[in-house]
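Enquirer: Residue 374 in my numbering sits at position 168 of the sequence shown; the count goes up by one each step and never skips. Starting off with a structure, shown below.
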Amino acid sequence: NQIDKIILNNDSLPWVDKIKHVGNILETNNSFIQNCQIKRGQFIGKVHSLNQEFCFTTSAVKAKLYDIFTLSFYGSSIWNLFDKEVERLYRSYNVAVRIAYKVNRTTRTFLFESLTGCYHPKTLLCSRFIKFHQTNQTSNKPTNNMLAKLYEKNMTTDYDNNLNKNTNI
């Protein structure tokens, strides 16, 4: 399909496949794959920095440092939280915890929350998404309310996918 060019000050704006907006990479296919990959890389880099800087601390302190300094994931409310790229992020966290606690690679991940005393990123991101949805629903801005209602019923969106899978957890 031919899309009409957008004109700004008599200059036609170029079409791009991705653009950085408010710290997130927006892609034309709405996949956010590159955004997740970048956030995962940043997470791994921060974990390595913390491990080097605080190599003398206990495992519990390292886990708390991970919780404080690595798990913000700004913009994650627009991701498909059950996508394979996001799952890779969760696995990176699992590896970091295994290294911090010096446990076997086959240690089951469901033990990590009780072991670390911190929420797993999957738990954090899913609960943040539910809060994001509730905030949109109760917003005093009619556009937010309308979009929340529209997207929660549209099964082709990541928004609806996140809602439906969150209710099944």
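The beta-carbon is built from N, C-alpha and C at its ideal position, and this holds for glycine as well.
Could you tell me the distance, in whole angstroms, from the CA atom of G229 to the CA atom of I244?
Expert: 11 Å
Enquirer: Confirm, please, whether the CB-CB distance from S282 to R334 is below 8 Å.
Expert: yes
Enquirer: Does DSSP put I284 in a helix, in a strand, or in coil?
Expert: Residue state for I284 is assigned as helix, using DSSP reduced to three classes.
Enquirer: What separation, rounded to the nearest whole angstrom, lies between the Cα atoms of R304 and E358?
Expert: 36 Å
Enquirer: Assuming P327 contacts L369 (C-beta within less than 8 Å), just tell me the rounded distance between them.
Expert: Your pair P327 and L369 does not check out as a contact, with CB atoms roughly 19 Å apart and the cut at 8 Å.
Enquirer: For the structure I just gave you, are there three or more beta carbon pairs, one from the segment 260 to 274 and one from the segment 304 to 319, closer than 8 Å?
Expert: Output reads yes: the segment 304 to 319 touches the segment 260 to 274.
Enquirer: Can you give me the C-alpha to C-alpha distance between P220 and I213, rounded to a whole angstrom?
Expert: 10 Å
Enquirer: The alpha helix (DSSP H) with H326 in it runs from where to where?
Expert: Run containing H326: none; DSSP gives neither H nor E here.
Enquirer: Which stretch, first to last residue, makes up the alpha helix (DSSP H) that contains K270?
Expert: 265 to 275
Enquirer: Apart from the five residues on each side of it in sequence, which residues of its chain come closer than 6 Å, Cβ to Cβ, to K371?
Expert: F288
Enquirer: List the DSSP bridge partners of I225.
Expert: In the DSSP output, where bridge partners are listed per residue, I225 has L232.
Enquirer: Between the C-alpha atoms of D364 and S218, what's the straight-line distance to the nearest angstrom?
Expert: 32 Å
Enquirer: Rounded to the nearest angstrom, what separates L356 and T341 at their Cα positions?
Expert: 15 Å
Enquirer: Looking only at C-alpha atoms, which of F249, T234, D366, S237 sits nearest to Y296?
Expert: F249
Enquirer: Run through DSSP, which three-state label would L214 get?
Expert: strand
Enquirer: Please work out which residues of its chain come closer than 7 Å, Cβ to Cβ, to A354, disregarding the five sequence neighbours upstream and downstream, and give them in chain order.
Expert: Correct list, in chain order: H339, N342, Q343.
Enquirer: Nearest-angstrom Cα distance between N360 and C261?
Expert: 48 Å
Enquirer: Grouping DSSP H, G and I as helix and E and B as strand, with all else coil, what is K359?
Expert: Three-state result, K359: coil.
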